[in-house]
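J.: Residues 143 to 722 (the numbering used here) make up the sequence shown, in order.
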Amino acid sequence: MNRSFQHILQHYFGISEEVYQAALSEKAAGGESLAAILLEKKILTERQLLEAYSIQYDIPFLPELSIANIRPDLARDVSIQFLKKNLMIPMRGNEPLPGDNGQGNARNSAAASSCMIAVNNPTDFQPLDDLTRILGIQEYQLVLSTREAILSAINLSFDHGPGSAQQLVQDMEENGSTIIDAIEETADLLDDTSDAPIIKLVNHIISQSIKAGASDIHVEPYQDSFKVRYRVDGILYDLLKPPKWIQAALISRIKVMARMNIAEKRLPQDGRIEVRKGDQVIDIRVSTIPITFGERVVLRLLNKTSALLALTDIGFEPDKLELIKDLITAPNGIILITGPTGSGKTTTLYAILSTINKPDINIITIEDPVEYQIQGIGQIQVNPKIGLTFARGLRSIMRQDPDVMLVGEIRDKETADIAVQSALTGHLVFSTLHTNDSASAITRLVDIGIEPFLISSSVIAVVAQRLVRVLCTDCREPYMPDEVALKSIGVSAEQARQGSIFRAKGCEKCFQTGYHGRISITEILIMDARMKKLVLETYDSNLIKQEALHQGMVTLRGDGILKVLAGLTSIAEVLRVTQR
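(1) Under the assumption that Ala-603 contacts Ile-668 (Cβ atoms under 8 Å), give the Cβ distance between them as a whole number of angstroms.
(2) If we call anything under 8 Å between Cβ atoms a contact, is Asp-554 one with Val-440?
(3) Would you identify the three-state DSSP class for Gln-515, choosing helix, strand or coil?
(4) How many angstroms separate the CA atom of Gly-656 from the CA atom of Ala-561?
(5) Between which residues of its own chain and Leu-704 is the CB-CB distance below 7 Å, once the five residues before and five after are set aside?
(6) Comparing C-alpha positions only, which one of Tyr-162, Thr-557, Ser-146 and Ile-212 sits nearest to Ser-196?
(7) How about the stretch 612-620 and the stretch 707-721: do they share at least three Cβ pairs that are nearer than 8 Å?
(8) Is the beta carbon of Asn-474 less than 8 Å from the beta carbon of His-346?
(9) Name the residue from Pro-264, Tyr-282 and Ser-294 whose alpha carbon lies nearest to the alpha carbon of Glu-206.
(10) Between Val-361 and Arg-427, is the Cβ-Cβ spacing less than 8 Å?
(11) Under 8 Å between the Cβ atoms of Leu-495 and Ile-666?
(12) Taking buried to mean at least 16 other C-beta atoms within 10 Å of its own C-beta, is Asn-263 buried or exposed?
(13) Determine which residues share a DSSP beta bridge with Asp-375 and list them.
(14) For the stretch 569-626, which segments carrying the alpha helix (DSSP H) assignment without a break, of at least 4 residues, lie completely within its bounds, in sequence order?
(15) Can you pull the DSSP bridge partners for Val-562?
(16) Please classify Val-626: is it buried, with 16 or more other beta-carbons within 10 angstroms of its beta-carbon, or exposed?
(17) State the Cα-Cα distance for the pair Val-605 and Arg-541, rounded to the nearest angstrom.
(18) Any chance the stretch 577-588 sits against the stretch 469-484, with 3 or more Cβ pairs inside 8 Å?
(19) If we count the other Cβ atoms within 10 Å of its Cβ and call it buried at 16 or more, is Asn-297 buried or exposed?
(20) Hey, out of Thr-488, Arg-442, Thr-434 and Phe-435, whose CA is closest to Ala-452's CA?
(21) In the DSSP output, which residue or residues are listed as bridge partners for Leu-536?
(22) State the beta-bridge partners of Asn-525 as determined by DSSP.
(23) Of all the options Trp-387, Ala-714 and Asp-380, which has the alpha carbon lying nearest to the alpha carbon of Ile-340?
(24) What do you reckon, are the CB atoms on Ala-194 and Tyr-162 nearer than 8 Å?
(25) Given that a residue counts as buried once 16 or more other Cβ atoms are within 10 Å of its Cβ, and exposed if not, what is Lys-342?
(26) Using a beta-carbon distance below 8 Å, is Thr-497 in contact with chain B?
(27) Are the CB atoms of Ile-279 and Val-220 nearer to each other than 8 Å?
(28) Going straight from the alpha carbon of Ala-558 to that of Leu-587, what length do you get?
(29) Examine the Cβ distances between the stretch 505-519 and the stretch 636-646 and report whether three or more of them are shorter than 8 Å.
(30) Do Leu-186 and Phe-203 have their beta-carbon atoms positioned less than 8 Å apart in this structure?
(31) Find the nearest neighbour of Ile-519 within the set Ala-533, Ile-539, Arg-534 and Pro-269, judged by alpha-carbon distance.
(32) Quick check on DSSP: helix, strand or coil for Gln-422?
(33) Check the DSSP bridge columns for Met-258 and list the partner residues they point to.
(34) Per DSSP, Phe-644 forms a beta bridge with which residues?
Right, dumping it as structure tokens:
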């Protein structure tokens with residue numbers, strides 16, 4: 143192409159000559175590249191800049207890079223640091239690309255068959271020449287792509303490369319290496335160049351789990367074998383079944399990373415690891431317990447770079463969302479979130495705190511552990527080893543003039559007493575309980591030792607919650623359930639016809655599970671005057687639930703049915719989490 147870069151910017155993107163000349167002057171004065179100045183001043187977006195390059199150099203522009211084109215031999219031939227530094231990625235040859243009429247430059251017309259190299263800056267020739275020399279490529283197809291797409295493809299290349307878990311296990315079987323070496327700083331798992339196969343294997347297990355969005359990794363020893371599983375969207379899946387002899391080395395490696403005592407195998411231990419994978423920072427809580435055939439290890443993964451969910455993202459129906467927003471603006475009282483472990487209670491509480499977090503409100507939390515840091519909120523980490531329990535921390539919080547308090551969990555009478563007294567003295571208190579439904583929370587408080595009159599005076603609402611998996615929108619399929627399935631969730635055929643009912647199928651995007659992500663189903667028990675009167679008379683959870691239903695409370699299953707009819711989840715998923 144003979145068109146100048148200035149002409150392209152003016153003709154296609156409306157950049158005036160004055161703006162262009164000002165950018166050139168700044169380039170001459172400061173030494174930054176023209177492209178960097180155009181992006182920094184927001185004169186062009188990255189996409190527009192690449193489109194301009196595409197026109198100028200007659201190179202196709204691909205905003206997205208296909209996973210199917212990743213080269214399997216990449217990890218063997220080129221270092222990840224080189225590719226990330228120069229923002230380029232070699233991939234398999236592609237079909238003829240948009241705008242490629244076969245008359246492009248020599249590199250591109252050599253075509254689409256052998257190799258495709260995606261670059262972010264087509265004017266940086268030296269790294270491109272180095273890459274083709276390293277790979278021994280004579281002819282290749284050059285394409286332009288965004289920084290994000292190239293970095294994502296690089297990370298995926300190294301995840302899918304020859305360092306797979308099974309290959310690493312095979313390497314260990316061949317050389318018998320069990321080298322253990324401590325990591326003294328937060329290293330990027332993909333940048334780690336350690337040669338010891340056991341280090342590569344542990345890094346790969348963690349890396350693959352992060353990529354799959356797993357919340358936990360389980361290392362489980364048995365008599366003649368052991369296996370590694372991870373939990374994705376609340377369901378455990380097998381990840382790897384290495385030979386039994388690798389067990390000791392793998393567990394020791396994890397304990398070294400978590401700074402545990404690797405010599406102590408008879409007592410439970412807790413530790414912590416912080417790792418990076420690309421631009422993600424992952425906090426890992428490690429727990430070991432001795433069992434009959436070795437040590438069982440569970441790693442809880444917490445992605446510290448993921449954004450906090452807003453209340454609108456939790457999954458509340460519109461009427462329940464308005465009710466929640468109204469409740470959390472109360473001047474005082476206790477709001478309880480109940481449900482089993484892993485039902486999203488903490489995530490909901492953080493979403494609530496983010497909603498009410500304002501400069502004129504003093505919010506203090508005491509948690510075990512502090513899972514996310516929220517700007518503007520004082521967060522206390524429970525530490526029983528030095529005597530900092532929920533109860534002791536709560537007493538100290540009371541002297542900090544709080545308006546809103548969050549207690550991670552009410553576990554005993556002492557903590558419950560202080561929470562109740564705080565609510566009665568003008569504070570809004572949020573906390574969690576482990577109960578099956580909202581009505582059972584009242585019974586649980588009485589069992590702990592709280593008097594019914596104090597419960598009726600302090601508790602303003604109880605929210606019971608479960609998480610159901612969301613159907614993958616790429617592969618879900620519509621169908622009409624049979625009469626038995628409809629009867630199991632209490633839906634008539636007429637209701638089913640009016641809704642949009644789907645079932646799981648499975649595709650590459652959702653790892654063949656049929657689901658991608660989770661959403662909450664809830665029931666909200668409001669402590670109004672009639673409910674408070676009933677609590678004073680009885681704390682039978684069945685009677686409390688009957689009264690709540692009489693007042694119009696939608697149960698967990700009822701909320702799940704609404705999500706089924708809206709096409710968000712499946713009948714099987716709602717039945718799984720709400721079985722009576």
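A virtual CB, placed ideally from N, CA and C, is assigned to each residue, including glycine.
T.: In this structure, then:
(1) For the purposes of this step, residue 603 is taken as the residue at position 461 of the sequence shown. For the purposes of this step, residue 668 is taken as the residue at position 526 of the sequence shown. Contact holds; Cβ gap of about 5 Å.
(2) For the purposes of this step, residue 554 is taken as the residue at position 412 of the sequence shown. For the purposes of this step, residue 440 is taken as the residue at position 298 of the sequence shown. The answer is no: Cβ separation not under 8 Å.
(3) Residue 515 sits at position 373 when you count from the first residue of the sequence shown. It is coil, neither helix nor strand.
(4) Your numbering for residue 656 matches position 514 in the sequence shown. Your numbering for residue 561 matches position 419 in the sequence shown. So the two alpha carbons sit approximately 42 Å from each other.
(5) Sequence index remark: in the sequence shown, residue 704 carries index 562 (1-based). Within the same chain, Leu-704 has close Cβ partners Glu-459.
(6) Against the sequence shown, residue 196 aligns to sequence position 54. Cα-wise, what sits closest to Ser-196 is Ser-146.
(7) yes
(8) Numbered from its first residue, the sequence shown carries residue 474 at position 332. Numbered from its first residue, the sequence shown carries residue 346 at position 204. No, the pair does not count as a contact, with Cβ atoms beyond the cut-off.
(9) Against the sequence shown, residue 206 aligns to sequence position 64. The candidate whose alpha carbon is nearest that of Glu-206 is Ser-294.
(10) Position 219 of the sequence shown, counted from the first residue, corresponds to residue 361. Position 285 of the sequence shown, counted from the first residue, corresponds to residue 427. Against a cut-off of 8 Å, the Cβ pair of Arg-427 and Val-361 comes out as no contact.
(11) Position 353 of the sequence shown holds residue 495. Position 524 of the sequence shown holds residue 666. The Cβ atoms of Leu-495 and Ile-666 do not sit closer than 8 Å to each other.
(12) Within the sequence shown, residue 263 is the residue found at index 121, counting from 1. The residue is buried, with at least 16 neighbouring Cβ atoms inside 10 Å.
(13) Reading the sequence shown from its first residue, position 233 is the one you call residue 375. According to DSSP, which records beta bridges pairwise, Asp-375 is partnered with nothing at all.
(14) Fully enclosed alpha helix (DSSP H) runs of 4 or longer: 580-590 and 594-600.
(15) As a first step, residue 562 must be located in the sequence shown, where it is residue number 420. In the DSSP output, where bridge partners are listed per residue, Val-562 has none listed.
(16) The sequence position of residue 626 within the sequence shown is 484, counting from 1. Exposed is the call here.
(17) On the sequence shown, residue 605 is found 463 positions in, with the first residue counted as 1. On the sequence shown, residue 541 is found 399 positions in, with the first residue counted as 1. Taking the straight line from one Cα to the other gives about 28 Å.
(18) yes
(19) Here residue 297 corresponds to residue number 155 of the sequence shown, with the count starting at 1. Looking at its Cβ environment, which holds 16 or more other Cβ atoms inside 10 Å, Asn-297 is buried.
(20) As a working mapping, residue 452 is identified with position 310 in the sequence shown. Nearest C-alpha to Ala-452: Thr-488.
(21) Within the sequence shown, numbered from 1, the residue matching residue 536 stands at position 394. Note: Leu-536 sits in no beta bridge, so no partner.
(22) Counting from one through the sequence shown, the residue named residue 525 turns up at place 383. Paired residue(s): Leu-530.
(23) If you number the sequence shown from 1, residue 340 lands on position 198. Ile-340 has its Cα closest to that of Trp-387, out of Trp-387, Ala-714 and Asp-380.
(24) Reading the sequence shown from its first residue, position 52 is the one you call residue 194. Reading the sequence shown from its first residue, position 20 is the one you call residue 162. Result no, Cβ atoms of Ala-194 and Tyr-162 do not sit closer than 8 Å.
(25) Start at 1 with the first residue of the sequence shown, and residue 342 comes out as number 200. It is buried - the Cβ of Lys-342 has at least 16 other Cβ atoms within 10 Å.
(26) In the structure shown, chain B cannot be found, because there is only a single protein chain.
(27) As a position in the sequence shown, residue 279 is number 137, starting the count at 1. As a position in the sequence shown, residue 220 is number 78, starting the count at 1. Against a cut-off of 8 Å, the Cβ pair of Val-220 and Ile-279 comes out as no contact.
(28) Within the sequence shown, the letter at position 416 stands for residue 558. Within the sequence shown, the letter at position 445 stands for residue 587. Roughly 8 Å separates the two Cα atoms.
(29) no
(30) Within the sequence shown, residue 203 is the residue found at index 61, counting from 1. Within the sequence shown, residue 186 is the residue found at index 44, counting from 1. Contact: no.
(31) Reading the sequence shown from its first residue, position 377 is the one you call residue 519. Per the Cα distances, Ile-539.
(32) As a working note, residue 422 is residue 280 in the sequence shown. In this structure, Gln-422 counts as strand in the three-state DSSP scheme.
(33) Locating residue 258 in the sequence shown gives position 116, counting from the first residue. Note: Met-258 sits in a beta bridge opposite Met-233 and Gln-283.
(34) Here the question's residue 644 lines up with position 502 in the sequence shown. Bridge partners of Phe-644: Pro-620.
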